[in-house]
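Report on the following structure.
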Amino acid sequence: MSAEFSTSFAREHEQVTVHISAASDVGSIRQVNEDSYFANAPVFLVADGMGGHSYGDRASQTVAAEFNETYEAGTFEPTTPHVVLEVIDRSNAGVQNLVSAADGPGAVAGTTLAGVALVEADEMGPQGLHWMIFNIGDSRVYGWNGRSLVQITVDHSAVQEMVSMGLITAEEALVHPDRNVITRAVGSEAQVEADIWLMPTRGHQVFLVCSDGLTKELDDAQIAELILAYGADPEPGLSLAEHLVQNAVERGGRDNITVVVVESELANDDSEAVARAGDRVHLPAEESKDAS
């Protein structure tokens with residue numbers, strides 16, 4: 001499953017053009033692809049479902065369906081942080097309803113969520129057009145400026161907590177027995193809070209959104225090498241997202257693999273940017289419920 005397209009948003013003194021490539025593969029071992037992606041401007045995301053008896057794929061599909069209800073294809077207008085958080089809240093309730101409607105006991109459903117959205121920042125943050133980066137779980141958003149790959153999001157996982165506390169190294173986390181344990185997921189609780197970053201639109205910006213199926217097979221340095229190689233000699237008919245997914249499958253494909261690449265160009269701005277940890281802002285999910 002793959003897609004590639006370009007779209008643009010224009011108003012007085014501002015024009016943002018976005019090129020999207022997206023790809024998803026079941027991998028070499030799994031029988032069912034529990035990943036989903038959504039790529040309708042102004043929101044681009046990946047969801048990695050979990051839960052037996054088909055609940056994993058239904059959980060991630062629920063997230064994609066909720067965003068599809070709000071953001072119809074063919075219309076590119078910036079959204080707001082409030083609206084994105086409201087859709088995440090509805091997604092969380094929808095995934096919980098999957099479990100409530102289950103016939104048998106012990107049903108479990110949940111999904112990660114990571115993505116970017118072009119937003120008109122409101123009272124929740126600075127004014128003007130921004131890219132809103134958000135995540136729940138261990139799916140990731142990276143920034144790329146042509147020279148370096150930077151992980152913007154912070155995994156909600158057991159091993160990330162251990163790394164942050166200095167108990168293990170990042171290298172040890174890759175082989176730790178709890179490396180697949182996540183500490184936050186859509187559908188796992190009555191309320192779920194996404195981590196949020198806001199960065200102004202400027203120049204040429206590239207975001208890579210992916211499920212952990214990519215990063216299980218390729219480390220950050222290898223991903224960067226593949227992006228550089230693709231830029232120097234792109235294969236006709238193969239998008240960057242497909243290129244990355246294909247390489248992850250060839251390296252083992254132990255999990256479902258999904259990638260969405262968002263390439264943004266702000267007209268009349270030659271600057272380049274990649275997000276830093278300092279761009280993170282705290283937007284509590286409960287505040288979004290009072291938004292009009």
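Just so we're aligned: 78 in the UniProt record's numbering is position 78 of the sequence shown, and the numbers increase by one with no gaps anywhere.
Glycine is no exception: its CB is placed at the ideal position from the N, C-alpha and C atoms.
Predicted model, so just to flag it, every value in this text is computed and none were measured.
Neighbour-count burial assignment, residue i, 16 or more Cβ in a 10 Å radius
{"i": "Val32", "result": "exposed"}
{"i": "Asn247", "result": "buried"}
{"i": "Ile223", "result": "buried"}
{"i": "Ile29", "result": "exposed"}
{"i": "Asp290", "result": "Its pLDDT being 37, under 50, Asp290 is placed unreliably in this model, and the value from its coordinates should be taken loosely. By the neighbour-count rule (16 or more Cβ atoms within 10 Å), Asp290 is not buried but exposed."}
{"i": "Pro234", "result": "exposed"}
{"i": "Glu242", "result": "buried"}
{"i": "residue 293", "result": "No information on residue 293 is available, as it lies outside the stretch 1 to 292 that the chain covers here."}
{"i": "Asp219", "result": "exposed"}
{"i": "Leu240", "result": "buried"}
{"i": "Leu167", "result": "exposed"}
{"i": "Ala173", "result": "buried"}
{"i": "Glu34", "result": "buried"}
{"i": "Gly115", "result": "buried"}
Inter-residue CB distance, residue i and residue j (contact presumed, cutoff 8 Å)
{"i": "Asp195", "j": "Phe134", "result": "7 Å"}
{"i": "Ala170", "j": "Val163", "result": "6 Å"}
{"i": "residue 309", "j": "Val43", "result": "Residue coverage of the chain in this structure runs from 1 to 292, which leaves residue 309 outside it and unanswerable."}
{"i": "residue 293", "j": "Leu244", "result": "Since the displayed the chain opens at 1 and closes at 292, residue 293 lies outside it and no answer follows."}
{"i": "Gln61", "j": "Ser36", "result": "5 Å"}
{"i": "Phe76", "j": "Ala41", "result": "4 Å"}
{"i": "Val119", "j": "Thr79", "result": "5 Å"}
{"i": "Val16", "j": "Ser8", "result": "7 Å"}
{"i": "Asp178", "j": "Val159", "result": "6 Å"}
Sequence-distant residues of the same chain with beta carbon closer than 7 Å to residue i, five excluded per side
{"i": "Asp212", "result": "Asp48, Asp138, Ser139, Asp255"}
{"i": "His156", "result": "Ile136, Gly137, Asp138, Ile182, Thr183, Arg184"}
{"i": "Glu14", "result": "Leu129"}
{"i": "Lys216", "result": "Arg254, Asp255"}
{"i": "Tyr55", "result": "Leu98, Ala107, Val108, Ala109"}
{"i": "Cys210", "result": "Val46, Ser139, Arg140, Thr258, Val259"}
{"i": "Val249", "result": "Asp25, Gly27, Ser28, Ile257"}
{"i": "Glu225", "result": "none"}
Chain-order list of residues whose beta-carbon lies under 6 Å from that of residue i (same chain, five-residue window excluded)
{"i": "Val206", "result": "Trp144, Glu263"}
{"i": "Met1", "result": "Ser24"}
{"i": "Tyr142", "result": "Leu149, Gln151, Leu208"}
{"i": "Phe38", "result": "Leu45, Ala64, Phe67"}
{"i": "Ser21", "result": "Glu4, Ser239, Leu240, Ala241, Val261"}
{"i": "Met50", "result": "Gly56, Gly110"}
{"i": "Pro200", "result": "His130"}
{"i": "Gly252", "result": "Glu217"}
{"i": "Gly146", "result": "none"}
{"i": "His176", "result": "Val159"}
{"i": "Tyr230", "result": "Leu240, His243"}
Residues near residue i in its chain [Cβ-Cβ closer than 8 Å; skip 5 each side]
{"i": "residue 295", "result": "The structure shown has nothing for residue 295, since the chain only spans 1 to 292."}
{"i": "Glu72", "result": "Asn40"}
Short CB-CB distance (under 9 Å) between residue i and chain D
{"i": "Met162", "result": "Protein chains in the displayed structure number just one, and chain D is not present."}
Unbroken alpha helix (DSSP H) runs of length 4 or more, entirely within the region 155-224: which are they? List check, alpha helix (DSSP H) in window: 158-164, 170-173, 212-217.
For the region 2-89, which segments carrying the alpha helix (DSSP H) assignment without a break, of at least 4 residues, lie completely within its bounds, in sequence order? Runs of the alpha helix (DSSP H) spanning 4 or more residues and lying entirely within the region 2-89 occur at 55-70, in chain order.
Jot down the residue ranges of each uninterrupted beta strand (DSSP E) in the region 229-272, minimum 3 residues, whole runs only, in chain order. Whole beta strand (DSSP E) segments, 3+ residues: 257-266.
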